[in-house]
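Undergrad:
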Amino acid sequence: MRATVMYGAGDVRVENVADARVVEATDAVVTVTRAAICGSDLWPYKSMEPSETGRRMGHEFIGVVDAVGDDVRTLAPGDVVVTPFVWSDGTCVFCRVGLHTSCLHGGRYGVDGVDGGQGEAVRVPQADGTLVVLPVGRDDGLMPALLTLSDVMATGHHAALSADVGPGKTVAVVGDGAVGLCGVIAAQRLGAEQIIILGRHADRVELAREFGATDAVSERGEEAVERVRELTDGLGAHSVLECVGLGEATATAMRLARPGGAVGRVGVPQEEAIPEGISTFFDNVTIAGGPAPARAYIEELLPDVLDGRIEPGRVLRPRR
Ligand SMILES: [Zn+2]
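Start counting the sequence shown at -16; every next residue gets the next number (our numbering).
Below you can see the structure in the form of structure tokens.
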């Protein structure tokens, strides 16, 4: 089969690789019909050291079950399925509390003999715990929206939950990429009263407004903090969604929270230290977040996608 392999910064090849096949009795083989590129794929694309063997890419995909191992109970060939961006058993102590990203028997796509999602097919380990059957045909018009459940929409939702978004609250969303835009969708869905998007791409900020953002701030750093204070009676936001991960954006996010507020971090941190450790201490700011347990959220978000109440597929193509 054909699959995407990255050999170094800017060096991505589509090559012949070993066919995906059932190895463990808990595996399913999925023929990939849709796959996405993650923001986290862009870091190696910019900076990966040259590699002789290369690295299989992709962890966000939808497909059709082609074969299942003897122990798989909930899936059958022909099922249309979406995967969260990591695989998990669904039964361990962490999965049972909805933290599938810490599954004791789980792992990542593209490493340790597991295929990447950017290829013709994938061996999915722990298939019963990982895959969610979609009640649609393989070419349904909702596919772009359904594909976002694999990562970006689940991640935006995780940012909002981590930042304790709720009815009547003021929310600041740092970043206007796909995750930031999904963070706006999630904040609106959870009842936020005011949603401030921080970004400077006009087309994406416009889309954020269509998703429910009430204000937009194009400034960065200290000026951004001042603008958000002006928009919040000088207080700052109850909930801040950090959807970038770079040092300056994270520092800004910490400073946007009002005393007693919360910051939900979902941008993959590019630095070891968390900034503003002293000011957030004295303001009793909660700092939460991490990789989204997408498997825990897919079933909650799926009805809203199927009904068209949320339209996260639009983040994949903001330019119209
Ligand atoms: Zn588990």
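Positions of the beta carbon are idealized from the N, C-alpha and C atoms, including for glycine.
Nothing here was measured: the structure is a model prediction, and the numbers come from that model.
Taking GLY230 as the reference, give the member of ARG210, PRO252 and GLY81 with the closest Cα.
TA: One-based indexing of the sequence shown puts residue 230 at position 247. The residue with the shortest Cα to Cα distance from GLY230 is PRO252.
Undergrad: What's the C-alpha gap between ARG210 and GLY217?
TA: The residue you call residue 210 lines up with position 227 of the sequence shown. The residue you call residue 217 lines up with position 234 of the sequence shown. Cα to Cα, ARG210 sits roughly 9 Å from GLY217.
Undergrad: Look at ALA104 and VAL(-5) and say whether their C-beta atoms are less than 8 Å apart.
TA: Walking along the sequence shown from the start, residue 104 turns up at place 121. Walking along the sequence shown from the start, residue -5 turns up at place 12. The answer is no: Cβ separation not under 8 Å.
Undergrad: Once DSSP output is grouped into helix, strand and coil, what is the label at ALA142?
TA: In the sequence shown, residue 142 corresponds to position 159, counting from 1. Here ALA142 sits in helix by DSSP.
Undergrad: Touching or not, the stretch 275 to 293 and the stretch 59 to 69, by the rule of three or more beta carbon pairs under 8 Å?
TA: Touching, yes.
Undergrad: Work out the CA separation of GLY260 and ARG221 for me, nearest whole Å.
TA: Numbered from 1 along the sequence shown, position 238 holds the residue referred to as residue 221. Numbered from 1 along the sequence shown, position 277 holds the residue referred to as residue 260. One detail in the question is off: residue 221 reads as His in this sequence, not Arg. Answer to the nearest angstrom: the Cα atoms are 18 Å apart.
Undergrad: Starting from the N-terminal side, write out each stretch of the alpha helix (DSSP H) that is 4 residues or longer and does not extend beyond the stretch 45 to 121.
TA: As far as the stretch 45 to 121 is concerned, its whole alpha helix (DSSP H) runs of at least 4 residues are 110 to 113.
Undergrad: Look up GLN177 in the DSSP assignment and give the residues it is bridged to.
TA: For this step, residue 177 is matched to residue 194 along the sequence shown. Answer is THR153.
Undergrad: From which residue to which residue does the alpha helix (DSSP H) around LEU284 run?
TA: Counted from its first residue, the sequence shown places residue 284 at position 301. Element bounds for LEU284: 277 to 290.
Undergrad: For GLY250 and HIS141, what's the separation of their Cα atoms in angstroms?
TA: The residue you call residue 250 lines up with position 267 of the sequence shown. The residue you call residue 141 lines up with position 158 of the sequence shown. Going from the Cα of GLY250 to the Cα of HIS141 covers about 11 Å.
Undergrad: So THR215 and THR269 are in contact, right, with Cβ under 8 Å, and what is the actual spacing, rounded?
TA: Residue mapping note: residue 215 aligns to position 232 of the sequence shown, counting from 1. Residue mapping note: residue 269 aligns to position 286 of the sequence shown, counting from 1. Actually they are not in contact, since the Cβ atoms of THR215 and THR269 sit about 17 Å apart, beyond 8 Å.
Undergrad: Using the C-alpha atoms, what's the distance from ALA155 back to GLU35?
TA: Residue mapping note: residue 35 aligns to position 52 of the sequence shown, counting from 1. Residue mapping note: residue 155 aligns to position 172 of the sequence shown, counting from 1. Whole-angstrom Cα-Cα distance: 43 Å.
Undergrad: Taking the alpha helix (DSSP H) that VAL162 belongs to, which residues open and close that run?
TA: As a working mapping, residue 162 is identified with position 179 in the sequence shown. Counting along the chain, the alpha helix (DSSP H) containing VAL162 begins and ends at 161 to 172.
Undergrad: Among the candidates GLY61, ALA256, ARG(-15) and ASP266, whose CA atom is the shortest distance from the CA of ARG121?
TA: Walking along the sequence shown from the start, residue 121 turns up at place 138. Among GLY61, ALA256, ARG(-15) and ASP266, the Cα nearest to that of ARG121 belongs to GLY61.
Undergrad: Straight-line CA distance for GLY22 to ARG(-15)?
TA: As a working note, residue 22 is residue 39 in the sequence shown. As a working note, residue -15 is residue 2 in the sequence shown. About 23 Å.
Undergrad: Give a yes or no on whether the C-beta atoms belonging to LEU114 and LEU289 are separated by under 8 Å.
TA: Start at 1 with the first residue of the sequence shown, and residue 114 comes out as number 131. Start at 1 with the first residue of the sequence shown, and residue 289 comes out as number 306. Cβ atoms of LEU114 and LEU289: not closer than 8 Å.
Undergrad: State the Cα-Cα distance for the pair GLY81 and ASP266, rounded to the nearest angstrom.
TA: Mapped onto the sequence shown, residue 81 falls at position 98. Mapped onto the sequence shown, residue 266 falls at position 283. Rounded to the nearest angstrom, the two C-alpha atoms are 29 Å apart.
Undergrad: Could you give the DSSP three-state label for GLY296: helix, strand or coil?
TA: Here residue 296 is taken as the residue at index 313 of the sequence shown, counted from 1. Here GLY296 sits in helix by DSSP.
Undergrad: Nearest CA to the CA of ASP198: which residue from GLU205, GLY204, VAL188 and GLU206?
TA: In the sequence shown, the residue the question calls residue 198 occupies position 215. Ranking the options by Cα distance to ASP198, first place goes to VAL188.
Undergrad: Please state if the CB of VAL167 and the CB of ALA196 are separated by a distance shorter than 8 Å.
TA: Translated into the one-based positions of the sequence shown, residue 196 becomes position 213. Translated into the one-based positions of the sequence shown, residue 167 becomes position 184. In contact: ALA196 and VAL167 (Cβ atoms closer than 8 Å).
Undergrad: Residues in the same chain with beta-carbon distance under 6 Å from HIS42, minus the five sequence neighbours each way, listed in chain order, please.
TA: Residue numbering aside, residue 42 sits at position 59 when the sequence shown is read from its first letter. Only PHE68, TYR92 and GLY100 meet the Cβ criterion.
Undergrad: Helix, strand or coil for ALA(-14), going by three-state DSSP, please let me know.
TA: Here residue -14 refers to the residue found at position 3 when the sequence shown is read from its first residue. ALA(-14) falls in the strand class under three-state DSSP.
Undergrad: When the Cα atoms are used, what is the spatial distance from VAL47 to ARG4?
TA: The residue you call residue 47 lines up with position 64 of the sequence shown. The residue you call residue 4 lines up with position 21 of the sequence shown. For VAL47 and ARG4, the distance between alpha carbons rounds to 14 Å.
Undergrad: Determine whether the beta carbon atoms of GLY73 and GLU7 lie at a separation below 8 Å.
TA: Residue mapping note: residue 73 aligns to position 90 of the sequence shown, counting from 1. Residue mapping note: residue 7 aligns to position 24 of the sequence shown, counting from 1. No. Outside cutoff.
Undergrad: Looking only at its own chain, which residues have a Cβ that is under 7 Å from the Cβ of GLU254, when we skip the five neighbours before and after it?
TA: Walking along the sequence shown from the start, residue 254 turns up at place 271. Answer for GLU254: GLY230, listed in chain order.
Undergrad: Pull the bridge partners of LEU224 from the DSSP assignment, please.
TA: The sequence position of residue 224 within the sequence shown is 241, counting from 1. Answer by DSSP bridge pairing, in chain order: VAL156 and GLY247.
Undergrad: How would you call ARG292, buried or exposed, if buried means at least 16 neighbouring beta carbons within 10 angstroms?
TA: Here residue 292 corresponds to residue number 309 of the sequence shown, with the count starting at 1. Exposed, by the Cβ-count rule.
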